[in-house]
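Notes for the one structure printed next.
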Amino acid sequence: MYFGFNEFGHCEIIRHDAPVLTEGLYYLKADYADSNPFAWSDGAEVWFSNTPPPSHLHQLQNGEWVLPDGAAAQQLATAKADKLRQLNVAAQACIDAAAETDKLPPFEVQTWALQAAEAKAWAADSTVLTPVLDGIAAARGVPVEQLKTAALQKTLAYEALTAHIAGQRQALQSKIEAASTQAELDKIKIEFTLPDFKVR
Numbered sequence: 150m151y152f153g154f155n156e157f158g159h160c161e162i163i164r165h166d167a168p169v170l171t172e173g174l175y176y177l178k179a180d181y182a183d184s185n186p187f188a189w190s191d192g193a194e195v196w197f198s199n200t201p202p203p204s205h206l207h208q209l210q211n212g213e214w215v216l217p218d219g220a221a222a223q224q225l226a227t228a229k230a231d232k233l234r235q236l237n238v239a240a241q242a243c244i245d246a247a248a249e250t251d252k253l254p255p256f257e258v259q260t261w262a263l264q265a266a267e268a269k270a271w272a273a274d275s276t277v278l279t280p281v282l283d284g285i286a287a288a289r290g291v292p293v294e295q296l297k298t299a300a301l302q303k304t305l306a307y308e309a310l311t312a313h314i315a316g317q318r319q320a321l322q323s324k325i326e327a328a329s330t331q332a333e334l335d336k337i338k339i340e341f342t343l344p345d346f347k348v349r
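FYI, in this note's numbering the residues of the sequence shown are 150 to 349.
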């Protein structure tokens, strides 16, 4: 039998006939036994196990899957990077759900910064020009003062929301980065609480 191994020495394909060279794989010939279906190679010899490798970094030594020197740190670093990506996605999803930005077209959400700047300027000086808010009020057919007041309230609520979630996200990031083992990393739950108000 011909066994095709990837860059980590794990078998990805088994063939009865002589293989066609496949990019990213190298082949070695060895006897196959159903009782030991999992193969690993150091590039020269082939070893077999009846249990699957715990990860792509594990190697077979004396019939046992082990992590070589430095691999454990590499595995933990990869797991941390994956968890940080999950954390960032979850934080953004929390903001989108709370502020309902996922229900609005992107161009409208992009005006929020302009609306916020005008609303704050108006709160400090009621004579300041507010062209964006004026235009929205006119198009909606609502009193401009009413819209400015609502925009200011929404701005302050959104700022408080993002600060609240950002603080929690940063705290979780610190815990993830400080984890020294996979077990410690697995104990870190990615979850957020919302402040006691609505942005909408």
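Idealized CB from N, CA, C, for every residue including glycine.
Here's the rule: buried if 16 or more other CB atoms are within 10 angstroms of the residue's CB, otherwise exposed. What is LEU263?
Here the question's residue 263 lines up with position 114 in the sequence shown. Exposed, since its Cβ has fewer than 16 Cβ neighbours within 10 Å.
Closest by CA to TRP196, which one among GLY212, LYS229 and ALA273?
Within the sequence shown, numbered from 1, the residue matching residue 196 stands at position 47. Residue GLY212 is the option with its Cα nearest to TRP196.
Check whether the segment 294 to 307 and the segment 185 to 192 touch, using three or more Cβ-Cβ pairs below 8 Å as the test.
No contact exists between the segment 294 to 307 and the segment 185 to 192.
Taking the alpha carbon of LEU343 as the point to measure from, which residue in LEU209, ALA228 and LEU310 has its own alpha carbon closest?
Here residue 343 refers to the residue found at position 194 when the sequence shown is read from its first residue. Closest by alpha carbon: LEU310.
Which residue from LEU236, THR260 and SER275 puts its Cα closest to that of LYS324?
As a first step, residue 324 must be located in the sequence shown, where it is residue number 175. When each option's Cα is compared against that of LYS324, the closest is LEU236.
Residue range of the beta strand (DSSP E) that ALA188 falls in?
What you label residue 188 is simply residue 39 of the sequence shown in a count that begins at 1. Where ALA188 is concerned, the enclosing beta strand (DSSP E) stretches over 187 to 190.
Three-state secondary structure (DSSP) at ILE163?
Taking the sequence shown and counting its residues from 1, the one referred to as residue 163 is at position 14. Three-state DSSP puts ILE163 in a strand.
Helix, strand or coil, according to DSSP, for GLU294 in the structure here?
What you label residue 294 is simply residue 145 of the sequence shown in a count that begins at 1. GLU294 falls in the helix class under three-state DSSP.
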